[in-house]
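Undergrad: One structure, as structure tokens, below. Some questions next.
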Amino acid sequence: MKRRSAAATLITALALVLVGGAAQAASIDPFIGTYVGTAVVESEEKITKRDLNIVISKKDEGFEVDWTTVIPKEDKTVRRQFKIRFLPTPRPDVFKAAMRMNAFGAAVPLDPLKGDPYVWASIRGKSLFVYGILVTDKGGYELQVYQRTLKPGGMTVRFQRIHDGKKHKDITGEVKKVK
0 MKRRSAAATL ITALALVLVG GAAQAASIDP FIGTYVGTAV VESEEKITKR DLNIVISKKD
60 EGFEVDWTTV IPKEDKTVRR QFKIRFLPTP RPDVFKAAMR MNAFGAAVPL DPLKGDPYVW
120 ASIRGKSLFV YGILVTDKGG YELQVYQRTL KPGGMTVRFQ RIHDGKKHKD ITGEVKKVK
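Reading the sequence shown from the start, the letters are residues 0 to 178 in numbering that gives the first Met the number 0.
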């Protein structure tokens, strides 16, 4: 009898933790807005700056992150723009990318085994992380991590590129909220 009572208490406590955890999932709301600023890239040869523009908006049941990086080069300016829609998953604070439509019209992630990045996002505390992983031609991996952390008036941003366990890039910057 004591075992059943203890088991019932444990199950009830576990259910309360699970329900409570789901109810306390972080919201994208504090991140919504338009941000502009710069990032600094330090290499052995020089320090360069990049212009950043980030727009985070609600879309249907999820959200969208649209960011542009402008990289000045000696002979030209390189502009990289990404726009990714994220949808909730059964895990609180973890979001799947909806980067293409399947045959049934549902938004789904890309396939990393076809050379596409597999992308997801998570919210932890005051930080929004966007992860992208690629399977390289030789079967290794490249992981890209975009971290955007809220601060008064804007965000700090950090981009890291890791290739088979070795860090290849670490870029930091700040953006101000303009809208």
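Quick reminder that beta carbons are idealized off the backbone N, C-alpha and C, glycines included. It should be emphasised that the depicted structure is a prediction, and the values quoted were computed from it without experimental measurement.
1) Beta-carbon within less than 6 Å of A21's beta-carbon, same chain only, minus the 5 sequence neighbours each way: which residues are those?
2) What residue does the beta strand (DSSP E) around D183 start on, and which one ends it?
3) Since I83 contacts V54 with CB under 8 Å, what's their CB separation in whole angstroms?
4) Mark Y140 as exposed unless 16 or more other C-beta atoms lie within 10 angstroms of its C-beta, in which case mark it buried.
5) Would a C-beta distance cut-off of 9 Å place V129 and R157 closer than the cut-off?
6) Since T37 and K48 should fall inside the 8 Å C-beta cutoff, what is the C-beta to C-beta distance between them, to a whole number of angstroms?
7) Between I122 and I27, how many whole angstroms is the CB-CB distance? I'm expecting something under 8 Å.
TA: So, from the listed chains and residues:
1) Start at 1 with the first residue of the sequence shown, and residue 21 comes out as number 22. Only weak support exists for where A21 lies, its pLDDT of 39 falling under 50; the value from the coordinates is given anyway. Excluding positions up to five away in sequence, the list reads P91.
2) Past the edges of the chain, shown from 0 to 178, lies residue 183, and the structure says nothing about it.
3) The residue given as residue 83 occupies position 84 in the sequence shown. The residue given as residue 54 occupies position 55 in the sequence shown. Their Cβ separation, rounded to whole angstroms, is 12 Å, which puts I83 and V54 out of contact at 8 Å.
4) On the sequence shown, position 141 is the one that residue 140 refers to. The residue is exposed, with fewer than 16 neighbouring Cβ atoms inside 10 Å.
5) Counting from one through the sequence shown, the residue named residue 129 turns up at place 130. Counting from one through the sequence shown, the residue named residue 157 turns up at place 158. Not a contact, by the Cβ cut-off of 9 Å.
6) As a first step, residue 37 is located in the sequence shown; it is residue number 38 there, counting from the start. As a first step, residue 48 is located in the sequence shown; it is residue number 49 there, counting from the start. The pair is a contact, with the Cβ atoms about 5 Å apart (cut-off 8 Å).
7) Stepping through the sequence shown from its first residue, residue 122 is reached at position 123. Stepping through the sequence shown from its first residue, residue 27 is reached at position 28. Going by Cβ atoms, the distance from I122 to I27 rounds to 7 Å, so yes, they are a contact pair.
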